[in-house]
Amino acid sequence: MVKARKADADLVFSTYQGEKQLAELVKLIDKDLSEPYSIFTYRYFLYNWPQLSILARVQHKLVGVIICRQEPLGATPEETGDDGLNGPNDPKQRRRGYIAMLAVEKQYRHRGIGSQLAQKAIERMRGNGCEEVMLETEIANKAAIRLYENLGFVRDERLVKYYLNGGDAYRLKLWLQ
């Protein structure tokens with residue numbers, strides 16, 4: 001666990017540790033994000049890339065979480081046989097990170113928790129050899145777009161009716177190298 005800066009003395013970050021944390025993650029994400037995810041989706045990310053799932057707690061209460069993955073750039077893991085778990089198997093393999101979910105409890109927003117979670121995940125992906133990080137976010141979610149653009153992400157593509165609710169999305173990218 002890594003403690004945050006002194007101004008956020010009660011804020012502690014940790015890596016996902018296992019199934020015992022799943023219910024509280026699902027509860028936070030389900031109430032925050034508009035897209036419903038099945039338990040299988042959560043497990044896909046959490047079991048395959050636990051090191052890219054970071055939790056933020058204040059006095060043991062979960063207040064934020066980011067869930068990510070990494071994959072070979074330009075191909076799916078199934079096509080390459082790369083599990084994406086332990087960094088590049090081939091040092092020449094180009095890699096991409098993906099932010100699947102980022103949620104912060106409403107009363108803890110505007111304190112930089114979301115930015116810190118994203119920065120920590122990006123640094124882990126960079127350390128694993130990722131050349132870029134991408135994500136999708138609803139066009140209507142101005143706060144998320146501002147957060148990611150402040151971290152250096154750029155709008156790469158507009159995805160029409162991307163979400164189940166009919167909402168459009170932006171695909172955002174951050175180039176690391």
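Throughout the sequence shown, residue numbering follows full-length UniProt numbering, covering 1 to 177 in sequence. Built from N, CA and C at the ideal position, the CB exists for glycine as well.
With a cutoff of 7 Å on beta-carbon distance, L117 and R95 are scored as not near each other.
Here I66 is near I54, since their CB atoms are less than 7 Å apart.
If you draw a straight line from the Cα of Y162 to the Cα of Y170, it comes to about 9 Å.
When the beta-carbon positions are compared, C130 and G97 come within less than 7 Å of each other.
According to DSSP, T15 shares a beta bridge with I54.
Inclusion of E138 and G167 in the CB contact set at 7 Å is warranted, their separation being smaller than that value. Cβ-Cβ separation between M101 and I29: approximately 5 Å, consistent with a contact (criterion under 8 Å).
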